[in-house]
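With my numbering applied, the sequence shown covers 827 to 961.
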Amino acid sequence: MPRRHERKRRFGISVPESLAEQLDKLTRTLNADRSRLVSEALREYLRDHNHYLFPHNCRGILIVVGDVDTMNLIGVLKEYQDVVYSYSHVHVDKQCVNVIVVSGSSGRLAYLHRRLCSMLNCIIRFIPLCGTAPH
Numbered sequence: 827m828p829r830r831h832e833r834k835r836r837f838g839i840s841v842p843e844s845l846a847e848q849l850d851k852l853t854r855t856l857n858a859d860r861s862r863l864v865s866e867a868l869r870e871y872l873r874d875h876n877h878y879l880f881p882h883n884c885r886g887i888l889i890v891v892g893d894v895d896t897m898n899l900i901g902v903l904k905e906y907q908d909v910v911y912s913y914s915h916v917h918v919d920k921q922c923v924n925v926i927v928v929s930g931s932s933g934r935l936a937y938l939h940r941r942l943c944s945m946l947n948c949i950i951r952f953i954p955l956c957g958t959a960p961h
């Protein structure tokens, strides 16, 4: 979907050298510029997390990928059973993939997301199913 031209604002950020090198490599591979890639990454991150700022009921999918202690994960999900709608665990090659469908208050979902991030050393992504956050 093409975006209308927005006014741009320049600001400086500091990132680890290895992250900057990965970004530069990706810009060359995709024939894109850094600003565009960083803008797209920020836009996606904000879309997936910004709605936590506005109290509302919503739905979403938490995807947890990596070597996870399944019993520990299930224990946490039981603590949040008021917002956990369903849970699925599969293996893709030798990797665990956990899909958690959630529905409830954005604050409660934010607590669950933070709890999983703090206890698990793996990739966790939240995909909101509630569209854009209210303003």
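Every residue gets a Cβ at the ideal spot worked out from N, C-alpha and C, and that includes glycine.
Remember, it's a predicted structure, so these values are computed and weren't measured experimentally.
Beta-bridge pairing by DSSP links Leu856 to no other residue.
Here the alpha carbons of Gln907 and Lys834 stand approximately 43 Å from one another. Less than 8 Å divides the Cβ of Val925 from the Cβ of Ile887. Three or more beta-carbon pairs separated by less than 8 Å link the stretch 927-939 to the stretch 872-882, which places the two stretches in contact. Rounded to whole angstroms, the separation of the alpha carbons of Arg873 and Arg862 is 16 Å.
With three or more CB-CB distances shorter than 8 Å, the stretch 939-953 counts as touching the stretch 891-898. When secondary structure is reduced to three states using DSSP, Ile839 falls in the coil class, being assigned neither helix nor strand. Secondary structure remark: continuous alpha helix (DSSP H) runs of at least 4 residues inside the stretch 888-939, in chain order: 896-905.
Taking a C-beta distance under 8 Å as the contact criterion, Leu938 and Val916 do not qualify as a contact pair.
Closest in C-alpha terms to Tyr911, from the list Leu868, Leu852 and Leu935, comes Leu935. Lys904 and Asp859 have their C-alpha atoms spaced approximately 45 Å apart. In chain order, Val902 place their CB closer than 7 Å to the CB of Arg941, counting only its own chain and leaving out the 5 sequence neighbours on each side.
In this structure, Thr896 is the residue among Phe952, Thr896, Tyr913 and Leu845 with its C-alpha nearest to the C-alpha of Gln921. For Arg833, there is no enclosing beta strand (DSSP E), as DSSP marks it with neither H nor E.
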